[in-house]
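Numbered according to mature numbering (1 follows the signal peptide of the UniProt record, and there is no 0), the sequence shown spans residues -33 to -1, 1 to 173. Each residue gets a CB set at the ideal place from its N, CA and C atoms; glycine is no exception. Treat the numbers as computed from the prediction; the structure is a model and nothing was measured. Working notes, beginning with the structure itself.
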Amino acid sequence: MTTTVAPTTNTRALLTCAAVAAPLWAVVALAQAATRDGFDLTRHPLSLLATGDLGWSQVLNFVVAGLLTTLGASGLARTLPSTWAPRLIRVNGIAMVAAGLLTMDPADGFPSGTPAGTGELSWHAYGHLAAGTTAFGTLIAACYVLARAFARTGRRGHATRSRIAGTALLLGDLWAMAGGTAGSLTLAVGAITAMLWVSYVAVELR
(Lines of atoms letter the chains of each structure in order from A and count residues from 1; the text may use other names and numbers.)
(Lines give C-alpha, C1' and ligand atoms only; values in the text may rest on other atoms or scores of the structure.)
Protein backbone atom coordinates (compact mmCIF):
# COMPACT_ATOMS: atom_id res chain seq x y z
CA MET A 1 0.00 0.00 0.00
CA THR A 2 2.82 2.40 0.80
CA THR A 3 4.34 2.05 -2.64
CA THR A 4 1.07 3.04 -4.34
CA VAL A 5 0.13 5.97 -2.08
CA ALA A 6 3.53 7.72 -2.11
CA PRO A 7 3.68 8.33 -5.89
CA THR A 8 0.08 9.62 -5.87
CA THR A 9 0.83 12.04 -3.06
CA ASN A 10 3.99 13.22 -4.77
CA THR A 11 2.20 13.71 -8.08
CA ARG A 12 -0.55 15.72 -6.38
CA ALA A 13 2.11 17.95 -4.79
CA LEU A 14 3.72 18.54 -8.17
CA LEU A 15 0.35 19.32 -9.75
CA THR A 16 -0.29 21.80 -6.94
CA CYS A 17 2.88 23.62 -8.01
CA ALA A 18 1.50 23.88 -11.55
CA ALA A 19 -1.89 24.99 -10.24
CA VAL A 20 -0.48 27.77 -8.06
CA ALA A 21 2.10 29.20 -10.49
CA ALA A 22 -0.16 31.23 -12.80
CA PRO A 23 -2.56 32.73 -10.20
CA LEU A 24 0.41 33.71 -8.03
CA TRP A 25 2.25 35.37 -10.91
CA ALA A 26 -0.85 37.16 -12.18
CA VAL A 27 -1.94 38.51 -8.77
CA VAL A 28 1.53 39.77 -7.83
CA ALA A 29 2.16 41.32 -11.27
CA LEU A 30 -1.24 42.99 -11.56
CA ALA A 31 -1.09 44.29 -7.99
CA GLN A 32 2.20 45.97 -8.82
CA ALA A 33 0.84 47.30 -12.11
CA ALA A 34 -1.98 48.98 -10.20
CA THR A 35 0.20 50.48 -7.48
CA ARG A 36 3.66 51.24 -8.88
CA ASP A 37 4.06 54.96 -9.58
CA GLY A 38 4.28 55.74 -13.29
CA PHE A 39 3.37 52.28 -14.55
CA ASP A 40 0.79 52.15 -17.34
CA LEU A 41 -0.26 48.68 -18.49
CA THR A 42 -1.39 50.04 -21.85
CA ARG A 43 2.20 51.17 -22.56
CA HIS A 44 4.47 49.15 -20.28
CA PRO A 45 4.90 45.35 -20.34
CA LEU A 46 4.59 43.59 -17.01
CA SER A 47 8.25 42.59 -17.30
CA LEU A 48 9.20 46.25 -16.86
CA LEU A 49 8.05 45.97 -13.24
CA ALA A 50 11.36 44.19 -12.58
CA THR A 51 13.12 47.57 -12.81
CA GLY A 52 13.35 50.32 -10.19
CA ASP A 53 13.62 50.19 -6.40
CA LEU A 54 10.82 47.61 -6.07
CA GLY A 55 11.90 45.62 -9.10
CA TRP A 56 13.14 42.78 -6.90
CA SER A 57 9.50 41.82 -6.19
CA GLN A 58 8.78 41.16 -9.87
CA VAL A 59 12.11 39.37 -10.30
CA LEU A 60 11.14 37.12 -7.40
CA ASN A 61 7.67 36.71 -8.90
CA PHE A 62 9.14 35.44 -12.16
CA VAL A 63 11.61 33.12 -10.44
CA VAL A 64 9.11 31.57 -8.02
CA ALA A 65 6.40 31.11 -10.67
CA GLY A 66 8.96 29.69 -13.07
CA LEU A 67 10.23 27.17 -10.53
CA LEU A 68 6.68 26.15 -9.64
CA THR A 69 5.89 25.69 -13.33
CA THR A 70 9.04 23.62 -13.87
CA LEU A 71 8.18 21.36 -10.94
CA GLY A 72 4.55 21.20 -11.98
CA ALA A 73 5.52 19.97 -15.43
CA SER A 74 6.71 16.73 -13.83
CA GLY A 75 3.25 16.19 -12.35
CA LEU A 76 1.64 16.97 -15.68
CA ALA A 77 3.94 14.46 -17.39
CA ARG A 78 2.55 11.73 -15.12
CA THR A 79 -1.11 12.54 -15.69
CA LEU A 80 -1.64 14.19 -19.09
CA PRO A 81 -2.45 12.21 -22.24
CA SER A 82 0.45 13.98 -23.94
CA THR A 83 4.22 13.61 -24.04
CA TRP A 84 5.15 16.97 -25.49
CA ALA A 85 2.87 19.33 -23.56
CA PRO A 86 4.65 18.76 -20.19
CA ARG A 87 8.03 19.13 -21.91
CA LEU A 88 6.99 22.45 -23.42
CA ILE A 89 5.59 23.62 -20.08
CA ARG A 90 8.87 22.68 -18.38
CA VAL A 91 10.84 24.80 -20.85
CA ASN A 92 8.32 27.59 -20.29
CA GLY A 93 9.05 27.47 -16.56
CA ILE A 94 12.81 27.53 -17.07
CA ALA A 95 12.45 30.46 -19.48
CA MET A 96 10.37 32.35 -16.88
CA VAL A 97 13.18 31.99 -14.35
CA ALA A 98 15.66 33.31 -16.93
CA ALA A 99 13.32 36.19 -17.83
CA GLY A 100 13.18 37.17 -14.17
CA LEU A 101 16.93 37.10 -13.66
CA LEU A 102 17.66 38.90 -16.94
CA THR A 103 15.73 42.14 -16.48
CA MET A 104 14.59 44.70 -19.01
CA ASP A 105 16.09 48.19 -19.03
CA PRO A 106 14.12 51.14 -17.64
CA ALA A 107 12.21 52.65 -20.56
CA ASP A 108 9.39 54.87 -21.74
CA GLY A 109 8.87 56.75 -18.49
CA PHE A 110 9.14 53.79 -16.11
CA PRO A 111 10.37 53.70 -13.43
CA SER A 112 9.07 57.19 -12.76
CA GLY A 113 11.58 59.75 -14.01
CA THR A 114 12.93 57.59 -16.84
CA PRO A 115 12.99 59.49 -20.17
CA ALA A 116 10.40 58.62 -22.80
CA GLY A 117 11.32 56.08 -25.45
CA THR A 118 13.96 53.37 -25.29
CA GLY A 119 17.72 53.61 -25.45
CA GLU A 120 20.36 51.10 -26.47
CA LEU A 121 19.58 47.70 -24.97
CA SER A 122 21.89 46.13 -22.39
CA TRP A 123 23.04 42.51 -22.60
CA HIS A 124 20.56 41.46 -19.94
CA ALA A 125 17.70 43.18 -21.78
CA TYR A 126 18.56 41.14 -24.88
CA GLY A 127 18.64 38.07 -22.64
CA HIS A 128 15.21 38.94 -21.30
CA LEU A 129 13.80 39.27 -24.81
CA ALA A 130 15.21 35.86 -25.74
CA ALA A 131 13.87 34.26 -22.56
CA GLY A 132 10.48 35.92 -23.01
CA THR A 133 10.23 34.77 -26.61
CA THR A 134 11.03 31.22 -25.50
CA ALA A 135 8.50 31.38 -22.66
CA PHE A 136 5.69 32.66 -24.89
CA GLY A 137 6.51 30.32 -27.77
CA THR A 138 6.56 27.18 -25.64
CA LEU A 139 3.38 28.16 -23.80
CA ILE A 140 1.55 28.77 -27.08
CA ALA A 141 2.77 25.45 -28.43
CA ALA A 142 1.80 23.66 -25.21
CA CYS A 143 -1.77 24.97 -25.48
CA TYR A 144 -2.10 23.69 -29.04
CA VAL A 145 -0.52 20.34 -28.17
CA LEU A 146 -2.94 20.04 -25.25
CA ALA A 147 -5.81 20.81 -27.60
CA ARG A 148 -4.79 17.94 -29.86
CA ALA A 149 -4.38 15.56 -26.91
CA PHE A 150 -7.79 16.46 -25.47
CA ALA A 151 -9.44 16.11 -28.88
CA ARG A 152 -7.99 12.61 -29.26
CA THR A 153 -9.49 11.56 -25.93
CA GLY A 154 -12.89 13.00 -26.80
CA ARG A 155 -12.69 16.08 -24.55
CA ARG A 156 -13.72 18.54 -27.22
CA GLY A 157 -14.61 21.32 -24.79
CA HIS A 158 -11.13 21.23 -23.29
CA ALA A 159 -9.62 21.06 -26.76
CA THR A 160 -11.49 24.23 -27.74
CA ARG A 161 -10.49 26.05 -24.58
CA SER A 162 -6.85 25.07 -25.12
CA ARG A 163 -6.94 26.51 -28.63
CA ILE A 164 -8.55 29.71 -27.36
CA ALA A 165 -5.88 30.11 -24.67
CA GLY A 166 -3.04 29.52 -27.11
CA THR A 167 -4.55 31.85 -29.69
CA ALA A 168 -5.11 34.60 -27.10
CA LEU A 169 -1.40 34.59 -26.29
CA LEU A 170 -0.35 34.27 -29.93
CA LEU A 171 -2.46 37.23 -31.04
CA GLY A 172 -1.51 39.30 -28.00
CA ASP A 173 2.18 38.69 -28.64
CA LEU A 174 1.92 39.49 -32.35
CA TRP A 175 -0.08 42.65 -31.65
CA ALA A 176 2.46 43.84 -29.10
CA MET A 177 5.41 43.13 -31.42
CA ALA A 178 3.65 45.03 -34.20
CA GLY A 179 3.35 48.08 -31.93
CA GLY A 180 -0.44 47.89 -31.83
CA THR A 181 -2.51 50.16 -29.59
CA ALA A 182 -2.31 48.99 -25.95
CA GLY A 183 -0.07 46.14 -27.11
CA SER A 184 1.34 45.49 -23.66
CA LEU A 185 -2.19 45.13 -22.29
CA THR A 186 -3.24 42.63 -24.96
CA LEU A 187 -0.02 40.70 -24.37
CA ALA A 188 -0.69 40.59 -20.63
CA VAL A 189 -4.26 39.38 -21.20
CA GLY A 190 -3.08 36.66 -23.59
CA ALA A 191 -0.23 35.50 -21.37
CA ILE A 192 -2.36 35.33 -18.23
CA THR A 193 -5.14 33.53 -20.10
CA ALA A 194 -2.77 30.82 -21.34
CA MET A 195 -1.03 30.48 -17.98
CA LEU A 196 -4.31 30.20 -16.09
CA TRP A 197 -5.54 27.53 -18.48
CA VAL A 198 -2.51 25.37 -17.69
CA SER A 199 -3.17 25.94 -13.99
CA TYR A 200 -6.81 24.94 -14.42
CA VAL A 201 -5.78 21.70 -16.15
CA ALA A 202 -3.43 20.95 -13.26
CA VAL A 203 -6.20 21.57 -10.71
CA GLU A 204 -8.50 19.23 -12.58
CA LEU A 205 -5.85 16.51 -12.81
CA ARG A 206 -5.32 16.59 -9.04
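Original post:
Among the residues of its own chain, which have a CB less than 8 Å from the CB of glycine 157, if the five just before and after it don't count?
Top reply: Ala135, Leu136, Leu137, Leu138, Gly139 and Asp140
**OP:** Would you mind reading off the limits of the alpha helix (DSSP H) that contains arginine 3?
**Re:** Note, arginine 3: premise wrong, no alpha helix (DSSP H); not H, not E.
Subject >> Whole-Å CB distance - leucine 15 paired with phenylalanine 77, under 8 Å assumed >> reply: 6 Å
Original post:
Does the Cβ-Cβ distance between threonine -23 and arginine 45 come in under 8 Å?
Top reply: yes
**OP:** Pick out whichever of Trp51, Ala(-13), Pro48 and Arg3 has its Cα sitting closest to the Cα of asparagine 28.
**Re:** Ala(-13)
Original post:
Per DSSP, arginine 66 is paired with what?
Top reply: Note that residue 66 corresponds to alanine in the displayed sequence, not to arginine. None, per the DSSP bridge assignment.
**OP:** State the Cα-Cα distance for the pair phenylalanine 6 and alanine 161, rounded to the nearest angstrom.
**Re:** 23 Å
**OP:** Below 6 Å CB to CB, which residues in the same chain sit around threonine 153 once its five sequence neighbours on both sides are set aside?
**Re:** Gly139 and Trp142
Original post:
For the candidate residues Ala1, Met71 and Ile56, whose alpha-carbon lies nearest to that of glycine 133?
Top reply: Ile56
**OP:** Inspect the CB distances between the stretch 31 to 44 and the stretch 82 to 89 and report whether three or more fall short of 8 Å.
**Re:** no
**OP:** Determine the contact status of histidine 95 and alanine 62, defining contact as a CB-CB distance below 8 Å.
**Re:** no
Original post:
Counting along the chain, where does the alpha helix (DSSP H) carrying leucine 163 start and finish?
Top reply: 150 to 172
**OP:** Give me the Cα-Cα distance between valine -6 and serine 166, rounded to the nearest whole angstrom.
**Re:** 16 Å
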